[in-house]
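Report on one structure; see the data block that follows.
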Ligand code: HEC
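Numbering (the working numbering), first residue to last: 133 to 531.
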């Protein structure tokens with residue numbers, strides 16, 4: 133009798149527990165199944181992404197990148213990326229929806245455009261105002277706005293710069309009407325998306341490009357392979373046919389000594405002739421952003437074997453009309469207007485060189501005589517010239 137009551141009690145107490153345990157088990161099992169399903173969908177997405185292309189799935193983009201886009205980009209590119217923003221521009225911003233990118237449509241290329249901006253256009257650089265993570269997120273977001281990218285395996289001839297600069301030599305096409313081809317050309321593609329285009333014989337910088345690097349029309353050839361640079365020209369240096377850059381009593385010719393890739397940058401080294409003066413110059417180009425707008429810097433490092441005689445360095449484009457000269461906190465700036473009406477601003481460290489004025493607006497920089505000297509010439513390419521920019525150069529920052 134007693135044991136009867138006990139077992140009844142046990143049943144009464146245990147059965148809800150058993151039910152509970154069973155219920156939990158079922159829930160856990162169901163949960164496991166869904167989780168597996170989510171996992172396999174995720175890996176399917178990964179496969180799709182790597183095999184086909186990013187941007188194919190209509191994934192809802194993370195709110196944070198959309199918010200960043202609204203805050204920093206939409207006023208020019210439009211909320212939907214259709215290029216119709218609220219800000220009036222004298223040159224329309226790009227519509228991302230049709231996918232026509234002149235500066236490259238890979239995530240890396242878009243990241244670089246966002247970081248350095250596009251000289252000579254209203255597209256600003258964001259390397260100071262947005263973190264690397266934010267710019268990466270924005271690059272991915274911009275890709276999702278366009279149509280799915282096509283598989284570009286057909287473009288085997290295209291050489292892309294990734295984590296180290298690339299130097300190629302070959303036949304370069306003409307840079308424009310009336311400008312010659314260069315059978316011996318040199319292209320230096322930097323990891324910042326800038327390409328410096330030189331002719332080899334006198335090592336003169338002809339143009340600076342931005343965007344994708346180069347297509348080789350013929351891989352089988354050795355020297356003289358025709359090259360097709362892909363990035364648009366953002367600046368034709370001295371109209372694409374520069375005079376000698378260095379002078380010491382007479383114009384000095386440069387002779388290529390070597391090209392070198394080191395610490396993520398590629399440089400050219402040349403010897404200045406004629407003999408007597410023995411100066412080795414190492415030169416490299418780098419994208420920069422300034423409050424005034426995007427541009428690039430040319431760095432020159434002089435190794436002077438004859439300390440008493442230092443050549444002068446001609447300021448690029450200085451036969452253009454000089455609009456104004458401005459002393460900034462660290463740099464002197466020369467604002468010039470080219471023959472095509474484009475504004476080109478050249479700046480150099482004011483304490484490392486003295487300006488020598490020559491005939492016809494030609495400005496030369498005299499560096500102090502010593503065995504080693506450095507100077508950087510910054511070229512900024514704003515859309516137009518105005519009081520705000522003047523103030524930014526004078527103060528070295530935002531107004
Ligand atoms: C002040 C206006 C303005 C703002 C702000 C702006 N852009 Fe632009 N952007 C432009 C213009 C104009 C162009 C087209 C330049 C040209 O003519 O090649 C452009 C071009 C681009 C390109 C290059 C497309 C190509 O052809 O390869 C990308 C990428 C881009 N913008 C992304 C962005 C992103 C991302 C932001 C926000 C972080 C942004 N832009 C903010 C004006 C702007």
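We put the beta carbon where it would ideally sit given N, CA and C, even for glycine.
None of the values given here were measured: they were computed from a predicted structure.
Confirm the yes/no value for this check: CB of residue i, any heavy atom of ligand 1, distance under 8 Å.
i           : result
residue 427 : no
residue 398 : no
residue 263 : no
residue 245 : yes
residue 330 : no
residue 237 : yes
residue 475 : no
residue 421 : no
residue 224 : yes
residue 241 : yes
residue 199 : no
residue 256 : yes
residue 376 : no
residue 364 : yes
residue 462 : no
residue 314 : no
residue 424 : no
residue 210 : no
residue 233 : yes
residue 327 : no
residue 204 : yes
residue 228 : yes
residue 509 : no
residue 271 : yes
residue 221 : yes
residue 253 : yes
residue 298 : no
Quick check: residue i and residue j, are their CB atoms within less than 9 Å of each other?
i           : j           : result
residue 362 : residue 467 : no
residue 412 : residue 385 : no
residue 448 : residue 377 : yes
residue 318 : residue 309 : no
residue 233 : residue 241 : yes
residue 415 : residue 431 : yes
residue 400 : residue 298 : no
residue 421 : residue 259 : yes
residue 469 : residue 457 : no
residue 257 : residue 323 : no
residue 613 : residue 278 : Look at the range of the chain in this structure, 133 to 531, and you will see that residue 613 is not part of it.
residue 484 : residue 506 : yes
residue 383 : residue 326 : no
residue 348 : residue 364 : no
residue 471 : residue 372 : no
residue 374 : residue 338 : yes
residue 487 : residue 499 : no
residue 494 : residue 475 : no
residue 424 : residue 521 : yes
residue 526 : residue 439 : no
Between the options, which has its C-alpha nearest residue i's C-alpha?
i           : options            : result
residue 501 : 495, 307, 445, 397 : 445
residue 532 : 210, 238, 245      : The requested residue 532 is not part of the displayed model; the chain covers only 133 to 531.
residue 222 : 317, 439, 516, 527 : 516
residue 210 : 200, 196, 227, 197 : 227
residue 410 : 387, 399, 395, 437 : 437
residue 524 : 465, 365, 360      : 465
residue 301 : 453, 345, 263      : 345
residue 236 : 217, 274, 348      : 274
residue 198 : 473, 219, 270, 474 : 270
residue 504 : 380, 442, 490, 343 : 442
residue 314 : 388, 391, 528, 358 : 358
residue 214 : 238, 266, 239, 276 : 276
residue 268 : 201, 311, 218      : 201
residue 417 : 440, 428, 433      : 428
residue 220 : 294, 196, 243, 255 : 255
residue 379 : 238, 490, 367, 266 : 490
residue 393 : 366, 296, 369      : 296
residue 316 : 388, 238, 218, 492 : 388
residue 293 : 261, 528, 343      : 343
residue 238 : 360, 272, 261      : 272
Are any of the Cβ atoms in chain B nearer than 9 Å to that of residue i?
i           : result
residue 395 : Any reference to chain B falls outside this structure, which holds one protein chain only.
Length-filtered (3 minimum) beta strand (DSSP E) runs lying within the stretch 249-317: 298-304
Evaluate contact between the stretch 199-211 and the stretch 330-344, counting only Cβ atoms and requiring at least three cross-stretch pairs below 8 Å. no
Segment contact, 8 Å Cβ cut-off, at least three pairs: the stretch 494-514 with the stretch 468-482: yes
If you pair each beta-carbon of the stretch 250-268 with each one of the stretch 290-305, do three or more pairs fall below 8 Å? no
At 4 residues or longer, and completely inside the stretch 445-506: list those alpha helix (DSSP H) runs for me, N to C. none
Ordered list of beta strand (DSSP E) runs contained in the stretch 384-420, each at least 3 residues: 386-394, 397-404
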